[in-house]
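Asks: First, the structure itself, so that you have it in front of you.
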Amino acid sequence: MKPHRLRRSLVGALVATVALALVAGPAAAKSPQQSSETTTVRLGVFANVTHAPGLVAIESGLLQKALGPKVKLEVSYFNAGPAVITALLADAIDVSYIGPNPAITGFAQSNGEALRIIAGSTSAGASLVVKPEITKVSDLKGKKIATPQLGNTQDVAARYYLKTKGLSTDTTGGGDVSIVPTANATTLTAFQQGQIDGAWVPEPWAQRLVNEAGGKVLVDESTLWPQGQFVTTQLIGATDFIKDNPKTVQKLLKGNIDAIDFANNNPTVAQKLVATGIFNATGQKVDEATIVNSWGHLTFTIDPLAATLAASSKHAEDVGLQDPTNLKGIYDLAPLNKILKAQGKAAVSDKLDVAAATKTTKATS
């Protein structure tokens, strides 16, 4: 049996509620909390270019090197963020790369107790790709578009954008524009077969819809944000895991920083590592040109871009996917800033400036 298929079956057996959402990944029973550091770290990541730092960290060995030989790294691959939150709440993973809106949802569902954002990873890298005959947003009325999963970051972005353009949606696929949450790999096939008219997806899927299915970019999400920067991927950890394993968390963060630096300084090698990571997760090869083209739409940064997280939260509230949420306490950046200071780098901020968030929200409309 191939490794990625074996991992898929193990995760499905452990957490039945997320089995359909997982692409593949291992999971192991968590040993009882002890005063010593953990000997196993269970990490979640997506087989997307928007998760390049995570894939680079895994495939290059940088993360395992940072953790050291006494800590075993186990990786689970996911399709979208809500499944990550289900797994984290079920104690199936310890840390994960994830988008902003599912992280907010998990924080809210657990009354601010289950998780903390501990680092940034990626900015931008999502687009609305449509059939060539669709030339303007109003042409989407009566059409069907896909997003990765209900309530995930791209799903929120799509619904909010359409609302600002006077087009309604609902969670059952009704409204002016029918939104159908669909796994990314299935979205490509559905688009090729004419079952959907477009999709708001992360890279490399936006590029794949263009290159392999004849689609065109109608909206590059980076054009909707000031300076084109918005949080797409960040690193979260289970609160208890962070509290009980401070030294391990420091090592994880060091591996994440190393991977981001590597991706920025060695893009050609990093792109090959990402291609390998996607293949190991899914068994599917992604054309090298697709990854290269995707790269140009992304920024890899340790900064979690807190103000844009606050704006994303407002967007989810505006489209009825989230109740008003107090985000105070969602960040724990002290361990990260300790490392950055030691490396002579600038600290990152967890400031959720309401005024800044409001300006960002208005700017995206």
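Take the sequence shown: its position 7, counting from 1, is numbered 7 in the working numbering, and each next residue is one higher. Note that CB positions come from ideal geometry on N, CA and C, so glycine has one too. On a predicted model such as this, the values are computed, not experimentally measured, just so you know.
1. When you compare only the Cα positions, how much space is there between residue 128 and residue 253?
2. Which residue from 119, 325, 287 puts its Cα closest to that of residue 53?
3. Taking three-plus beta-carbon pairs below 8 Å as touching, is the stretch 208-227 in contact with the stretch 87-96?
4. Can you name the start and end residues of the beta strand (DSSP E) that residue 303 belongs to?
5. Taking the runs of the alpha helix (DSSP H) that are 4 residues or longer, which of them lie wholly in the stretch 94-173?
6. Starting from residue 348, follow the alpha helix (DSSP H) in both directions and report where the run begins and ends.
7. I'd like the list of long-range same chain contacts for residue 152, defined as Cβ closer than 7 Å, with 5 residues on each side in sequence excluded.
8. For residue 208, I'd like the list of residues in its chain whose CB is within less than 7 Å of its CB, leaving aside the five on either flank, ordered along the chain.
9. Given residue 339, which residues of its chain have a CB within under 8 Å of its CB, disregarding the five upstream and five downstream residues?
10. Opposite residue 179 in the DSSP bridges: which residues?
11. Would you say residue 181 and residue 154 are within 7 Å of each other, going by their C-beta atoms?
12. Go ahead and pull the three-state DSSP assignment for residue 76.
13. Assuming the contact rule is C-beta atoms closer than 8 Å, residue 337 and residue 287 should be a hit. Round their C-beta distance to whole Å, please.
14. Within the same chain, show all residues whose beta-carbon is closer than 6 Å to that of residue 346, passing over the 5 residues directly before and after it, in chain order.
15. Under the DSSP definition of a beta bridge, which residues are partnered with residue 237?
16. On a Cα-Cα basis, can you pick out the residue from 47, 72, 49 that is closest to residue 248?
17. Do residue 116 and residue 239 have their beta-carbon atoms positioned less than 7 Å apart in this structure?
18. Which stretch, first to last residue, makes up the alpha helix (DSSP H) that contains residue 295?
19. For residue 323, tell me which candidate among 111, 201, 214, 241 has the shortest Cα-Cα distance.
Replies: Quick look at the numbers:
1. Start at 1 with the first residue of the sequence shown, and residue 128 comes out as number 128. Start at 1 with the first residue of the sequence shown, and residue 253 comes out as number 253. Approximately 32 Å, taken between the alpha carbons.
2. For this step, residue 53 is matched to residue 53 along the sequence shown. With distances taken between Cα atoms, residue 53 lies closest to 119.
3. no
4. Translated into positions along the sequence shown, residue 303 becomes position 303. That residue, residue 303, is in no beta strand (DSSP E); it is neither H nor E in DSSP.
5. 100-109, 153-164
6. Walking along the sequence shown from the start, residue 348 turns up at place 348. Here residue 348 belongs to no alpha helix (DSSP H), and DSSP marks it neither H nor E.
7. Here the question's residue 152 lines up with position 152 in the sequence shown. Same-chain partners within the cutoff: 80, 81, 82, 99, 101, 102.
8. Against the sequence shown, residue 208 aligns to sequence position 208. Cβ within range, chain order: 188, 290.
9. In the sequence shown, residue 339 corresponds to position 339, counting from 1. The residues are 250, 253, 254, 257.
10. Start at 1 with the first residue of the sequence shown, and residue 179 comes out as number 179. The partner list for residue 179 (beta bridge, DSSP) reads 145.
11. Locating residue 181 in the sequence shown gives position 181, counting from the first residue. Locating residue 154 in the sequence shown gives position 154, counting from the first residue. No, the Cβ-Cβ distance between residue 181 and residue 154 is not below 7 Å.
12. Walking along the sequence shown from the start, residue 76 turns up at place 76. Of the three classes helix, strand and coil, the one that applies to residue 76 here is strand, per DSSP.
13. In the sequence shown, residue 337 corresponds to position 337, counting from 1. In the sequence shown, residue 287 corresponds to position 287, counting from 1. With a Cβ gap of about 39 Å, residue 337 and residue 287 do not count as contacting.
14. The residue given as residue 346 occupies position 346 in the sequence shown. Excluding residues within five positions, none has a Cβ falling inside 6 Å.
15. Taking the first residue of the sequence shown as position 1, residue 237 is located at position 237. DSSP lists 95, 116 as partners of residue 237.
16. As a position in the sequence shown, residue 248 is number 248, starting the count at 1. Out of 47, 72, 49, 72 has the C-alpha closest to the C-alpha of residue 248.
17. On the sequence shown, position 239 is the one that residue 239 refers to. On the sequence shown, position 116 is the one that residue 116 refers to. Yes. Within cutoff.
18. For this step, residue 295 is matched to residue 295 along the sequence shown. Unbroken alpha helix (DSSP H) run through residue 295: 288-295.
19. Within the sequence shown, numbered from 1, the residue matching residue 323 stands at position 323. For the residues 111, 201, 214, 241, the minimum Cα distance to residue 323 belongs to 111.
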